[in-house]
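See below for the structure under consideration.
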DNA sequence: CAACCGTATCAATAAATACTTATACGCTTA
DNA sequence: TAAGCGTATAAGTATTTATTGATACGGTTG
């Protein structure tokens, strides 16, 4: 049933591209900030303590990966998670990272 | 019960570091090559069609992230997955990437 | 329209990293 | 110990990318 399927070139590229988006601490912080509700850029700037151009840059990368969606409301631009399961995937990665560390230290 | 827990700086760094390891197509190909069984460097070189130093370089990165483990057997060095669930996490990321694309094209 | 606030982009820089070629290292065997 | 195979590292290059400061753009309001 659950046949082991070899991944294709295009699939590898999708995974690599998505992972690259998740490979920056500031982008992860942005994504987690959007877990509960959408936020405007200026609120993100304040919450994260980063410069506004830097936040815009990272939001652009997250948009490229389709991880966030944009909505303009008057002068404000609100960002939200495209897919809530993104947060679950991120927590899965944390779990894996901590498992790997435990295996190294615990009974390496 | 399932309390929403804000991640700490160190946790963000763990996720980012692990994601960076997963953000290269060749490293993903190596990991998938190790899904079934351990492989020697030379076999990986041949299977992937990459130069030996390049494979060694990527294996080093995967070691840094603790994703692979090393075992020497005579003149051969065998690499294996430290944690089998790594493959599941990779497939989860592919699923997320494809969901995001579907949401864009299907009803964006 | 003019001034202004919020956001995006530009230009420039520094750091990280994928990749190649050449070389060194480790183990085995003659 | 010398030669050879398998693997790792070094040196060098090119590309990507995180970050900053300056500037442009879009929408609102006087």
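Residue numbers (the working numbering), protein chains in the order written: chain R, 16 to 123; chain H, 16 to 123.
From the three backbone atoms N, C-alpha and C, an ideal C-beta is built for every residue, glycine too.
Status (buried if at least 16 other CB within 10 Å, exposed otherwise) for residue i
| i | result |
| --- | --- |
| residue 44 of chain R | buried |
| residue 42 of chain R | buried |
| residue 26 of chain R | buried |
| residue 69 of chain R | exposed |
| residue 59 of chain H | buried |
Range covered by the beta strand (DSSP E) that runs through residue i
| i | result |
| --- | --- |
| residue 96 of chain R | 91-96 |
| residue 88 of chain H | 83-88 |
Nearest to residue i (by Cα), restricted to the options the options
| i | options | result |
| --- | --- | --- |
| residue 115 of chain H | R:118, R:61, R:104 | R:104 |
| residue 79 of chain H | H:64, H:63, H:96 | H:96 |
| residue 40 of chain R | H:40, H:46, H:35 | H:35 |
| residue 102 of chain R | R:119, R:37, R:61, R:74 | R:37 |
| residue 112 of chain R | H:112, H:86, H:72, H:100 | H:100 |
| residue 98 of chain H | H:60, H:24, H:47 | H:47 |
Span separating the alpha-carbon of residue i from that of residue j
| i | j | result |
| --- | --- | --- |
| residue 51 of chain H | residue 117 of chain H | 30 Å |
| residue 109 of chain H | residue 66 of chain R | 32 Å |
| residue 28 of chain R | residue 121 of chain R | 34 Å |
| residue 88 of chain R | residue 86 of chain H | 57 Å |
| residue 106 of chain R | residue 64 of chain H | 34 Å |
| residue 33 of chain H | residue 73 of chain H | 13 Å |
| residue 31 of chain R | residue 24 of chain H | 23 Å |
| residue 76 of chain H | residue 22 of chain R | 21 Å |
| residue 61 of chain H | residue 83 of chain R | 39 Å |
heavy atom of the ligand COA below 8 Å from residue i C-beta
| i | result |
| --- | --- |
| residue 94 of chain H | Absence of the ligand COA from the depicted structure is noted, as is the absence of any ligand whatsoever, leaving it without description. |
Range of the contiguous alpha helix (DSSP H) that encloses residue i
| i | result |
| --- | --- |
| residue 24 of chain R | 24-36 |
| residue 76 of chain R | 67-79 |
| residue 61 of chain H | 56-63 |
| residue 46 of chain R | 40-48 |
Original post:
Three or more beta-carbon pairs under 8 Å between the stretch 40-57 of chain R and the stretch 89-103 of chain R, yes or no?
Top reply: In short, these stretches touch, since the Cβ pair count reaches three.
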